[in-house]
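J.: Below you'll find the structure I mean.
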């Protein structure tokens with residue numbers, strides 16, 4: 004039985020779910036209910052709402068009239084990335100679909116998710132309202148620098164709603180700064196999930212830079228030729244930590260429906276051809292940039 008359009012749509016939905024769930028920046032995802040369909044290459048329809056505030060209740064006339072203005076705005080997403088895979092033809096399409104979906108899921112986790120995170124962190128760093136640059140953190144200054152950042156963000160946001168992203172190195176410095184007291188029968192446990200009510204998310208340094216370069220991904224036999232992906236830009240700096248109020252930004256990621264070409268249609272190989280395309284972006288609201296703080300090395 005041939006691979007159906009419904010099966011292709013299901014694989015596409017699974018890939019959307021992987022990006023939404025496994026990115027370190029998943030907490031910043033825009034409410035998917037506010038996202039509409041694509042209307043063109045890299046353009047997505049987003050719902051914008053304006054709601055009247057409270058008014059005085061009148062005992063004679065009752066409730067004051069209110070209005071809800073719902074409009075759909077077309078946004079152009081900056082990042083338009085893709086890749087084509089070819090999976091050799093197998094005995095039946097069912098096995099081909101299973102193999103293809105597993106290959107793309109692994110590609111999503113190993114290649115796509117780190118790149119999406121890196122692009123988002125670079126955008127947040129560029130748009131941050133407060134930047135502390137050239138900082139080498141040690142056990143002697145790590146708490147001071149964290150509290151300085153906390154104080155800056157607290158002027159404009161509630162800390163218990165913020166997220167603090169940090170590398171494992173910074174997390175270890177915080178642990179080293181704290182003294183452990185062990186009771187009888189207790190084990191050493193330096194784990195902590197919050198810092199002064201802020202959710203702590205540990206980010207690999209490999210995707211935590213102030214600026215990145217994206218590569219086209221043209222395959223070549225040359226050892227010097229990139230095969231896609233991203234890397235720290237020459238002007239980019241490694242990020243120590245970042246505090247973000249989720250209300251200051253909105254992350255958008257959506258796959259265009261996968262395109263599938265069966266082996267009898269594919270003119271290049273006796274293989275199932277899959278064309279993968281992802282649109283994504285990180286929107287930072289200009290009037291809320293002060294709710295983002297970044298500390299770079």
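Numbering (the working numbering), first residue to last: 4 to 300. The beta-carbon is built from N, C-alpha and C at its ideal position, and this holds for glycine as well. Just so you know, these numbers come straight off a predicted model, no measurement behind them.
Should residue 111 be labelled buried (16 or more other beta-carbon atoms within 10 Å of its own) or exposed?
T.: buried
J.: What does the Cβ neighbour count give for residue 66, buried or exposed, with the cut at 16 atoms within 10 Å?
T.: exposed
J.: Smallest Cα separation from residue 246: which of 53, 90, 299 and 20?
T.: 299
J.: Per DSSP, what kind of secondary structure is residue 241 in: helix, strand or coil?
T.: strand
J.: Is the shortest distance between the beta-carbon of residue 138 and the beta-carbons of chain B less than 9 Å?
T.: The question asks about chain B, but that chain is absent: this structure has only one protein chain.
J.: Could you tell me whether the region 5-16 touches the region 96-108, where touching means 3 or more Cβ pairs closer than 8 Å?
T.: The answer is yes - the region 96-108 touches the region 5-16, with three or more Cβ pairs under 8 Å.
J.: Return the bridge partner residues of residue 78 from the DSSP annotation.
T.: In the DSSP assignment, residue 78 is bridged to 47.
J.: So, helix, strand or coil for residue 13, using DSSP?
T.: Residue state, collapsed to three classes: helix.
J.: Kindly indicate which residue of 297, 290 and 285 has the alpha-carbon position closest to the one of residue 28.
T.: 285
J.: So, at 6 Å on beta carbons, what are the nonlocal neighbours of residue 120 in its own chain, with the 5 sequence-adjacent residues on each side left out?
T.: 26, 27, 28 and 210
J.: Quick check on the burial criterion: 16 or more other C-beta atoms within 10 angstroms. Buried or exposed for residue 75?
T.: exposed
J.: Hey, how far is the Cα of residue 229 from the Cα of residue 129?
T.: Low per-residue confidence applies at residue 229: pLDDT is 49, beneath 50, and the placement is therefore not dependable, though the value from the model is reported in the following sentence. Distance between the alpha carbons of residue 229 and residue 129 is about 25 Å.
J.: Can the beta-carbon of residue 202 be found less than 9 Å from the beta-carbon of residue 167?
T.: yes
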